[in-house]
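> This is the structure I have questions about; it appears just below.
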Amino acid sequence: MELHDKIYKKVIYNVTVVVLYILLLLIIVGVFDIFQTMWAVLMKTSNINDVVYNVLTIFVLIDLFKTFSDYRVQERIRITYVTDATILILMREITVMVYSHDFEIYVLLAFAALLLVLCIMRFISMNYHPTDNSVSLIKKKDTEDE
């Protein structure tokens, strides 16, 4: 069983390293794309919506990079990081829809409802953290009862 655990940890370590390098490369390429799009906006061959979309995409990539790098250190996924990334993706899509004037009101309302649920979920996860003393006391009490 120990051999399986070592293999598992080694594979997960290598996969996260590859994903982190890919995300880093995507962030660098995305920043260059932002400058290229800004230049195109100045030359009036592109729209400012493209710059906004690219900047929001960089924020999503940075948040995913933060999630994977935290997983490498903590060896667990924090729900707040995943929720933050999802909120950023959703906000990016809402912004793109609003800027492009290409949306239906029902889709926008559904995204807004989903955004509200995600924000509530993030608030709850911040207030009831697993390392909180109240949660630790409950776990300690349960182990004492056994």
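Numbering-wise (our numbering), the sequence shown opens with residue 570 and increments by one. Just so you know, even glycine gets a beta-carbon here, dropped at the ideal spot from N, CA and C. Computed from a predicted model, the values in this text were never measured in an experiment.
Express the C-alpha separation of residue 650 and residue 633 in angstroms, rounding to a whole number.
The count along the sequence shown starts at 1 and reaches residue 633 at position 64. The count along the sequence shown starts at 1 and reaches residue 650 at position 81. The alpha-carbon atoms of residue 633 and residue 650 are separated by roughly 8 Å.
> Could you have a look at residue 570 and say whether DSSP puts it in helix, strand or coil?
Translated into positions along the sequence shown, residue 570 becomes position 1. Coil at residue 570, not helix or strand.
> From residue 615 to residue 603, what distance separates their C-alpha atoms?
Here residue 615 refers to the residue found at position 46 when the sequence shown is read from its first residue. Here residue 603 refers to the residue found at position 34 when the sequence shown is read from its first residue. So the two alpha carbons sit approximately 12 Å from each other.
> Using a Cβ-Cβ cut-off of 9 Å, state whether residue 654 counts as contacting chain C.
The chain inventory of the structure shown lacks chain C, comprising one protein chain alone.
> Compare the Cα-Cα distances from residue 590 to each of 631, 575, 622, 609 and report the closest residue.
The residue you call residue 590 lines up with position 21 of the sequence shown. Nearest C-alpha to residue 590: 631.
> Check the C-beta distance from residue 684 over to residue 656 and give it rounded, since I have them as a contact under 8 Å.
The residue given as residue 684 occupies position 115 in the sequence shown. The residue given as residue 656 occupies position 87 in the sequence shown. The pair is a contact, with the Cβ atoms about 7 Å apart (cut-off 8 Å).
> Compute the distance between the beta-carbons of residue 647 and residue 586, then report whether it is under 9 Å.
The residue you call residue 647 lines up with position 78 of the sequence shown. The residue you call residue 586 lines up with position 17 of the sequence shown. Contact: no.
> Look at the Cβ atom of residue 664, then the Cβ atom of residue 600, and state whether they are nearer than 9 Å.
For this step, residue 664 is matched to residue 95 along the sequence shown. For this step, residue 600 is matched to residue 31 along the sequence shown. Contact: no.
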